[in-house]
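Enquirer: For what it's worth, the working numbering labels the leading residue of the sequence shown as 44, then goes sequentially.
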Amino acid sequence: MSAERIAIVNGRVIDPAARLDARLPLYLTDGLIAAVGTRPDGFTADREIDAAGLVVCPGLVDLCARLREPGSEHKGTIASETRAAAAAGITTLICPPDTEPVADTPAVARLIRSRAQRAGFTKVEIMGALTRGLAGKELSEMYALRDAGCRSVTNARFPLANTLVLKRAMEYAATCGLVVVIRPDDAALRGTGCVHDGVIGARLGLPGIPVTAETVAVAVALALVEETGAPVHFGQLSSARAVEMVGEARTRGFPVSADVAVHHLHLTEEAVAGFDGRAHVLPPFRTGADRLALRRGVAAGVVSAVCSDHQPHEVDAKLDAFPSTESGVAAMELLLPLTLQLVDDGVLDLSTALARLTCGPAGVFSMPVGRLAAGAAADLCLFDPDTRWRAEPEAWYSSGRNTPFWSADLKGRVTMTIVAGAVVHRLD
Numbered sequence: 044m045s046a047e048r049i050a051i052v053n054g055r056v057i058d059p060a061a062r063l064d065a066r067l068p069l070y071l072t073d074g075l076i077a078a079v080g081t082r083p084d085g086f087t088a089d090r091e092i093d094a095a096g097l098v099v100c101p102g103l104v105d106l107c108a109r110l111r112e113p114g115s116e117h118k119g120t121i122a123s124e125t126r127a128a129a130a131a132g133i134t135t136l137i138c139p140p141d142t143e144p145v146a147d148t149p150a151v152a153r154l155i156r157s158r159a160q161r162a163g164f165t166k167v168e169i170m171g172a173l174t175r176g177l178a179g180k181e182l183s184e185m186y187a188l189r190d191a192g193c194r195s196v197t198n199a200r201f202p203l204a205n206t207l208v209l210k211r212a213m214e215y216a217a218t219c220g221l222v223v224v225i226r227p228d229d230a231a232l233r234g235t236g237c238v239h240d241g242v243i244g245a246r247l248g249l250p251g252i253p254v255t256a257e258t259v260a261v262a263v264a265l266a267l268v269e270e271t272g273a274p275v276h277f278g279q280l281s282s283a284r285a286v287e288m289v290g291e292a293r294t295r296g297f298p299v300s301a302d303v304a305v306h307h308l309h310l311t312e313e314a315v316a317g318f319d320g321r322a323h324v325l326p327p328f329r330t331g332a333d334r335l336a337l338r339r340g341v342a343a344g345v346v347s348a349v350c351s352d353h354q355p356h357e358v359d360a361k362l363d364a365f366p367s368t369e370s371g372v373a374a375m376e377l378l379l380p381l382t383l384q385l386v387d388d389g390v391l392d393l394s395t396a397l398a399r400l401t402c403g404p405a406g407v408f409s410m411p412v413g414r415l416a417a418g419a420a421a422d423l424c425l426f427d428p429d430t431r432w433r434a435e436p437e438a439w440y441s442s443g444r445n446t447p448f449w450s451a452d453l454k455g456r457v458t459m460t461i462v463a464g465a466v467v468h469r470l471d
């Protein structure tokens with residue numbers, strides 16, 4: 044990527060971190076924001092971008108997106124999925140460590156990052172593995188992972204051998220200055236479940252996953268946070284009670300945060316009524332009351348980030364009997380429009396919605412992105428908030444076509460994405 048001297052004019056500039064919402068010019072040089080509002084002395088633009096009718100905001104930050112490479116390139120590659128990220132306005136994404144091989148060594152972390160840099164579409168950060176091979180027994184070399192650029196560690200969806208392993212991992216991570224990311228899931232309570240343990244699942248005869256599979260795991264983690272003081276981030280909450288528990292912990296001053304997957308803010312257990320494998324997700328879609336609580340948590344800031352939880356799959360992965368289909372949704376390209384839908388629904392104002400996609404997630408891992416200020420990286424998203432479009436294959440960049448939102452009427456389209464001062468996506 045080569046950086047130009049760029050002037051962006053006539054756009055509505057929204058920077059939630061600075062509480063800025065105004066029509067101001069932006070000036071970019073050497074991959075950085077040179078100034079907001081006032082042209083720097085001697086600045087001559089190589090390119091002037093007319094952003095009339097567009098919102099100009101910090102590039103989106105996605106806290107959980109699987110790129111499938113290395114190890115599952117039949118589902119997606121770093122090149123294909125970071126290209127999709129650029130089309131979605133995402134300039135920084137965080138990749139979990141459940142690759143093949145697992146990202147439990149600096150070598151794998153550096154491999155993913157170098158391939159992403161070579162692709163040149165977006166910045167990629169890697170969560171290091173909490174345990175070796177994600178086997179849940181021996182702790183990974185967290186100091187080495189930190190030195191390789193990891194800001195967090197997680198065991199992704201894989202269970203730990205016991206609570207003592209989690210306690211030791213949290214203590215070790217705290218000494219390394221790493222955030223422990225927990226996707227709360229008690230494996231024994233989840234069992235073989237594949238949908239929410241409720242009326243719809245019972246009617247379909249599908250094994251259910253109770254809310255307690257999530258809340259018990261949250262309770263255990265919070266007890267250990269209280270004892271160790273280790274910072275913990277809860278990824279992809281799905282239930283009202285879990286949001287309430289995190290809110291209570293934050294009120295007590297615990298160093299905890301949380302995110303929710305964007306599709307959980309829209310769909311409920313009703314989505315599986317037709318045995319549609321595209322609605323097979325973990326954690327499962329829950330009740331309307333849970334969805335309402337998630338939305339309220341996002342609005343109140345208890346949930347500080349909305350992520351895509353992007354999991355691209357090949358077509359066959361969703362064609363078996365529902366319990367045998369692979370879980371997950373390809374959602375990066377829906378992250379912005381589905382979040383903007385919450386604005387139209389009156390759940391969020393526009394600045395708050397963008398905060399949950401920019402400075403909110405950036406703050407979870409103390410990343411120097413997600414804001415527009417002189418000297419900051421020139422990572423920007425320009426989008427038309429009024430453009431309507433449909434999620435159709437011809438308008439899709441990800442290799443994963445596994446979404447329950449096909450043909451959905453969406454509002455808000457990214458027209459340009461800039462990373463480190465270079466245009467990496469432009470909607471023709």
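Here a beta-carbon is modelled for each residue, glycine too, at the ideal position from N, C-alpha and C.
#1: So what's residue 149 in DSSP terms, helix, strand or just coil?
#2: When the Cα atoms are used, what is the spatial distance from residue 341 to residue 229?
#3: Rounded to a whole number of angstroms, what is the C-alpha to C-alpha distance between residue 302 and residue 338?
#4: Can you give me the Cβ contacts of residue 447 inside the same chain, cut-off strictly under 8 Å, excluding the 5 residues immediately before and after it?
#5: How far does the alpha helix (DSSP H) with residue 215 in it reach, from first residue to last?
#6: When you compare the CB positions of residue 110 and residue 278, do they come within less than 9 Å of one another, or not?
#7: Measure the Cβ-Cβ separation of residue 132 and residue 358 and say whether it is below 9 Å.
#8: For residue 180, count the other beta carbons within 10 Å of its own beta carbon; 16 or more makes it buried, fewer makes it exposed. Which is it?
#9: With a threshold of 16 other CB atoms inside 10 Å of the CB of residue 248, please say whether the residue is buried or exposed.
#10: For residue 261, write down the residues that DSSP places opposite it in a beta bridge.
#11: For residue 33, which of helix, strand or coil comes out of DSSP?
#12: Just checking, does the region 186-201 make contact with the region 423-441 on the three C-beta pairs under 8 Å criterion?
#13: Distance check for residue 88 and residue 172, CA to CA, integer angstroms please.
#14: Would you say residue 461 and residue 102 are within 9 Å of each other, going by their C-beta atoms?
#15: Is there a Cβ from chain C that is less than 9 Å from the Cβ of residue 182?
#16: Pick out the complete alpha helix (DSSP H) segments inside the region 95-144, 4 residues or longer, and give them in chain order.
#17: Cutting at 7 Å between CB atoms, please list the residues of its own chain near residue 376, excluding the five before and the five after it.
#18: Where residue 349 and residue 86 are concerned, what is the direct C-alpha to C-alpha distance, given to the nearest angstrom?
#19: Select from 231, 238, 225 and 408 the residue whose C-alpha is nearest the C-alpha of residue 268.
#20: Taking the Cβ atom as the reference point for each residue, do residue 422 and residue 455 lie within a distance shorter than 9 Å?
#21: Quick check on residue 234: does DSSP put it in helix, strand or coil?
#22: Can you tell me whether DSSP reads residue 44 as helix, strand or coil?
#23: Assuming contact is defined by CB atoms lying nearer than 9 Å, are residue 346 and residue 289 in contact in what I supplied?
#24: Out of curiosity, what's the CA-to-CA distance linking residue 256 and residue 235?
#25: Could you say which of 274, 285 and 100 lies nearest to residue 334 if we only look at CA atoms?
#26: Going straight from the alpha carbon of residue 44 to that of residue 90, what length do you get?
#27: Assign residue 288 to one of three DSSP states: helix, strand, or coil.
#28: For the beta strand (DSSP E) that residue 375 lies in, which residues bound it at each end?
#29: For residue 482, which of helix, strand or coil comes out of DSSP?
#30: Just confirm the distance between the C-beta atoms of residue 151 and residue 94, as a whole number of angstroms; I'd bet it's less than 8 Å.
#31: Below 9 Å between beta carbons: does that hold for residue 139 and residue 178?
#32: Who are residue 93's beta bridge partners in DSSP?
#33: Using three-state DSSP, classify residue 401 as helix, strand or coil.
#34: Going by C-alpha distance, which of 443, 463 and 471 is nearest residue 117?
#35: With distance defined between alpha-carbon atoms, name the residue in 264, 162 and 156 nearest to residue 205.
#36: Just to confirm, is the Cβ distance from residue 148 to residue 115 under 9 Å?
Expert: On the basis of the coordinates in this document:
#1: Taken through DSSP and simplified to helix, strand or coil, residue 149 comes out as helix.
#2: 24 Å
#3: Roughly 11 Å separates the two Cα atoms.
#4: In the same chain as residue 447, and ignoring 5 residues on each side of it, the C-beta atoms closer than 8 Å to its own belong to 306, 310, 314, 319, 321, 322 and 372, in chain order.
#5: 206-219
#6: no
#7: Their beta carbons are not under 9 Å apart, which means residue 132 does not touch residue 358 by this criterion.
#8: exposed
#9: exposed
#10: DSSP lists no bridge partner for residue 261.
#11: Residue numbering for the chain in the displayed model covers 44 to 471; residue 33 lies beyond these limits and cannot be assessed.
#12: no
#13: Looking at the two C-alpha atoms, the distance is approximately 44 Å.
#14: Between residue 461 and residue 102, the C-beta spacing is below 9 Å.
#15: Among the chains in the structure shown there is no chain C, since it carries only a single protein chain.
#16: 121-130
#17: Hits under 7 Å: 127, 130, 131, 439, 440 and 441.
#18: If I take the Cα positions, the gap works out to 37 Å.
#19: Taking only the C-alpha atoms, the option nearest residue 268 is 225.
#20: no
#21: coil
#22: Any reading at residue 44 must be qualified, since the residue scores a pLDDT of 46, below 50, and its modelled position is unreliable; no value is offered.
#23: yes
#24: Cα to Cα, residue 256 sits roughly 12 Å from residue 235.
#25: Out of 274, 285 and 100, 285 has the C-alpha closest to the C-alpha of residue 334.
#26: The pLDDT assigned to residue 44 is 46, lower than 50, so where the model puts this residue is not dependable; a value taken from the coordinates is nonetheless given after this. Roughly 15 Å separates the two Cα atoms.
#27: helix
#28: Neither: residue 375 is in no beta strand (DSSP E) and is coded neither H nor E.
#29: Only positions 44 to 471 of the chain appear in the structure, and residue 482 is not among them; the question remains open.
#30: So it is not a contact: roughly 39 Å between Cβ atoms.
#31: No, the Cβ-Cβ distance between residue 139 and residue 178 is not below 9 Å.
#32: 52
#33: coil
#34: It is 443 whose Cα lies nearest to the Cα of residue 117.
#35: 264
#36: no
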